[in-house]
Amino acid sequence: MDKFNRATCQSIAMSFLAGYVDTVGFVALFGLFTAHVTGNFVLIGSELANPSHGVLIKFLAFPAFIASVVLTRMAVIWLERSGKPALPYVLALQLLFLLAFMSIGQSIAPVADARATAALLAGMFGAAAMGVQNAASRLILPQLTPTTVMTGNVTQLVIDVVDVLRGAADAGVRQRCIKFFWPIVAFGAGAIGGAFAYRYALFLALLLPAAILVAMIRAEYIGIKAGLAATSSL
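Under the numbering used here, the first residue of the sequence shown is numbered 122, with each subsequent residue one higher.
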């Protein structure tokens, strides 16, 4: 698999995962966005203006998200200084948080009280899992399009499509259209899939994104072994 195809597959997989997990969190935990904090700011404002029982879970998701970004940053620094590949370890950290999100959530599913301790912990672990992905996108995979928030991707794609249609696009712009198009589609498919999966499987629906992370970790180790074998044969 060449570099472009590998990056495209990573972008598609992580975008699908983000849309899927974000929707599961939203449906299961009273409108909680796990993949990005911007949506939670809006919801917190709405909750404060029109008080209900769902504001605490959104407040606690924010420090959990921030803490996971800090943890990821420190882990990447340590791994790089140790000469170890950062991505498989960071993906494993995201997998750990995602499985905690699933296990705690499933133990009380369907969640009836947003203030229950298990519900709060589930939301925090969900936000932490996606905080790791957000950090990894900046620290390890900067060549990918953003995989957790699609607003910028959609904006860039529309601008580029307009340029293509008016005949002002070069090969680079056309290539960028492809780069942004597939993650948007994958995120949308993940969002739809997550909603239906939660309806039928509750938090066990998160087994699918967990399997995606396992597959990505395995692919990284296979790539590392192949690289080492190629180096030793020189």
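Note that CB positions come from ideal geometry on N, CA and C, so glycine has one too.
These numbers come from a predicted model, not from an experiment.
Beta-carbon within less than 6 angstroms of residue i's beta-carbon, same chain only, minus the 5 sequence neighbours each way: which residues are those?
| i | result |
| --- | --- |
| serine 167 | none |
| alanine 221 | Phe246 |
| alanine 257 | Val211 |
| alanine 290 | Asp284 |
| phenylalanine 151 | Gly175 and Ala235 |
| methionine 223 | Phe324 and Leu327 |
| asparagine 171 | none |
| valine 197 | Ala207 and Leu260 |
CB-CB under 7 angstroms to residue i, same chain, minus the five flanking residues each way: which ones, in chain order?
| i | result |
| --- | --- |
| leucine 278 | Cys298, Phe301, Phe302 and Ile305 |
| methionine 85 | Residue 85 is absent from the model: the chain starts at 122 and stops at 355. |
| tyrosine 319 | Val145, Val148, Ala149 and Ala326 |
| valine 295 | A small correction: the amino acid at residue 295 is arginine; valine does not occupy that position in the sequence shown. Only Val285 meet the Cβ criterion. |
| arginine 194 | Ala256 and Leu260 |
| glycine 314 | Tyr141 |
Between the Cα of residue i and the Cα atoms of the options, which residue gives the shortest distance?
| i | options | result |
| --- | --- | --- |
| glycine 247 | Gly344, Val282, Ala347 and Ala182 | Ala182 |
| alanine 230 | Val176, Ile343, Ala149 and Pro267 | Ala149 |
| isoleucine 225 | Leu241, Gly140 and Gly288 | Leu241 |
| valine 79 | Leu219, Pro209 and Thr266 | Given that the chain is displayed from residue 122 to residue 355, the structure contains no residue 79 and the question cannot be resolved. |
| isoleucine 165 | Phe180, Ala156, Phe151 and Ala289 | Phe180 |
| arginine 236 | Ile345, Met337 and Val176 | Val176 |
| alanine 140 | Val283, Pro330 and Ser189 | With the sequence shown as reference, residue 140 is identified as glycine, and alanine is not the correct amino acid for it. Checking every option, the nearest Cα to that of glycine 140 belongs to Pro330. |
| valine 190 | Asn171, Leu212 and Thr266 | Leu212 |
| valine 232 | Ile178, Pro267, Gly160 and Gly344 | Ile178 |
| isoleucine 343 | Ala322, Pro206, Gln227 and Arg320 | Pro206 |
| alanine 312 | Ala156, Ala128 and Arg127 | Ala156 |
| glutamine 227 | Met337, Ala196 and Phe324 | Phe324 |
| alanine 188 | Gly204, Ala347, Val158 and Ile345 | Val158 |
| leucine 192 | Leu214, Ser203, Gly204 and Cys130 | Leu214 |
| cysteine 130 | Glu341, Asn161, Gly348 and Gly160 | Glu341 |
Just mark residue i as buried or exposed, buried being the case when its beta carbon has 16 or more other beta carbons within 10 Å.
| i | result |
| --- | --- |
| phenylalanine 308 | buried |
| proline 263 | exposed |
| valine 283 | exposed |
| leucine 208 | buried |
| lysine 124 | Only weak support is given to the placement of lysine 124: the predicted model assigns it a pLDDT of 49, under 50, and the value that follows is read from those uncertain coordinates. Looking at its Cβ environment, which holds fewer than 16 other Cβ atoms inside 10 Å, lysine 124 is exposed. |
| threonine 238 | exposed |
| glutamine 254 | buried |
| methionine 135 | buried |
| glutamate 201 | exposed |
| isoleucine 333 | buried |
| asparagine 126 | exposed |
In its own chain, which residues sit with a C-beta less than 8 angstroms from the C-beta of residue i, not counting the 5 before and 5 after it?
| i | result |
| --- | --- |
| isoleucine 335 | Just to set this straight, residue 335 is valine in the shown sequence, not isoleucine. Once the five neighbours on either side are set aside, the close Cβ partners of valine 335 are Leu216. |
| alanine 185 | Gly244, Met245, Phe246, Ala248, Ala249 and Gly252 |
| isoleucine 356 | One cannot answer for residue 356 here, as it falls past the ends of the chain, which runs 122 to 355. |
With a cut-off of 8 angstroms on the beta carbons, I'd call residue i and residue j a contact; round off their distance for me.
| i | j | result |
| --- | --- | --- |
| alanine 310 | phenylalanine 154 | Contact flag wrong, Cβ pair sits at about 18 angstroms. |
| valine 163 | methionine 251 | So it is not a contact: roughly 17 angstroms between Cβ atoms. |
| threonine 276 | serine 132 | About 17 angstroms; that fails the 8 angstroms criterion. |
| alanine 128 | leucine 265 | 6 angstroms |
State yes or no: is the C-beta of residue i nearer than 8 angstroms to some heavy atom of the ligand FAD?
| i | result |
| --- | --- |
| glycine 160 | No copy of the ligand FAD appears in this structure; indeed no ligand is present at all. |
Could you check whether the Cβ of residue i sits closer than 9 angstroms to any Cβ belonging to chain C?
| i | result |
| --- | --- |
| phenylalanine 147 | The question asks about chain C, but that chain is absent: this structure has only one protein chain. |
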